[in-house]
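Chemist: One rule links them: number in our numbering = place in the sequence shown (from 1) + 109. Beta carbons are placed, not taken as given, at the ideal position from N, Cα and C, and that holds for glycine. All values derive from a computational prediction rather than experimental measurement.
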Amino acid sequence: MFNDAFYDSLGLMLFMLNPFLLIVYLIDLVEELDAKTFSIVLIRAGLISGCCYITFAILGNEIFDTLFKADFASFQIFGGIVFLITGIQYVFNGNKAIKKLRGAPQYVQGGIVMPIMVGPGTISASIIVGQRLDYPIAIAIIVTSLIVCIATVILLKYIYVAVKTKNEPLLLRYIDIIGRVAALLIGTFSIEMIMSGIRAWVAKF
């Protein structure tokens, strides 16, 4: 059970669900919501995301081949473009870009899910995990990764509140810089997704 594929898959999901990056994207919610409300919103978003991950882990490429009649390479290309646009907007506009993508406050759970928690990267990772391992183990990895991610983000919320009272300007500046640097990494990853999709699509001919 605990072989290289298990640890590689767990590492992949934890990397794609990076809680330290997620807290940067949710910083406006961290500031606006109290700890209890923030935790409830995040847990609900995690439940929705988990259902999506498990669905893609079990069905894999069949979702694209059978349901959508499309190739996974097309998803990689389009998903990479969406990821790239998100990264570019964050580089130039900071957290305001993510807040705009989330939409109205009453839809905040859905806004956290798409495009922050459920995106091209996490969907691709879920498919890979489902292909590498038996379904029960793949589901266990997805659930474990989500629990670790959500618990870490909630813990970071409490740490943020404690530190903010003493060094708010410095903390906000630090978060802004980290977010923009992370956006550069997202842009790089999105280009790699686009190129992988193009290579897979061209290889068919």
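When the distance is taken between beta carbons, is residue 258 closer than 7 Å to residue 126?
Modeler: yes
Chemist: Just reading off the alpha helix (DSSP H) that residue 192 is part of, what are its end residues?
Modeler: 181 to 202
Chemist: In its own chain, which residues sit with a C-beta less than 7 Å from the C-beta of residue 305, not counting the 5 before and 5 after it?
Modeler: Contacts found: 185.
Chemist: Given residue 163, which residues of its chain have a CB within under 7 Å of its CB, disregarding the five upstream and five downstream residues?
Modeler: 248 and 251
Chemist: Going by other Cβ atoms of all chains shown within 10 Å of its Cβ, with 16 needed for buried, is residue 178 buried or exposed?
Modeler: exposed
Chemist: Tell me which residues share the same chain as residue 173 and place their Cβ nearer than 8 Å to its Cβ, disregarding the 5 neighbours each side in the sequence.
Modeler: 179, 180, 181, 183 and 184
Chemist: Based on Cα-Cα distance, which residue from 111, 115 and 136 lies nearest to residue 280?
Modeler: 136
Chemist: Within this structure, are the beta carbons of residue 235 and residue 166 separated by less than 7 Å?
Modeler: yes
Chemist: Here's a check: name, in chain order, each residue in its chain whose Cβ is nearer than 6 Å to the Cβ of residue 128, leaving out the five neighbours to either side.
Modeler: Around residue 128, the same chain offers 258, 261 and 262 as residues with beta carbons nearer than 6 Å, after the five sequence neighbours per side are excluded.
Chemist: Buried or exposed for residue 246, going by 16 or more other Cβ atoms inside 10 Å?
Modeler: buried
Chemist: Candidates 274, 157 and 294: which alpha carbon is nearest residue 256's?
Modeler: 157
Chemist: Rounded to the nearest angstrom, what separates residue 272 and residue 253 at their Cα positions?
Modeler: 28 Å
Chemist: Between the C-alpha atoms of residue 170 and residue 187, what's the straight-line distance to the nearest angstrom?
Modeler: 16 Å
Chemist: Going by beta-carbon coordinates alone, are residue 200 and residue 292 separated by less than 7 Å?
Modeler: In this structure, the beta-carbon distance from residue 200 to residue 292 falls below 7 Å.
Chemist: Helix, strand or coil for residue 242 per DSSP?
Modeler: coil
Chemist: Going by other Cβ atoms of all chains shown within 10 Å of its Cβ, with 16 needed for buried, is residue 227 buried or exposed?
Modeler: Around the Cβ of residue 227, a 10 Å sphere holds 16 or more other Cβ atoms; the residue is buried.
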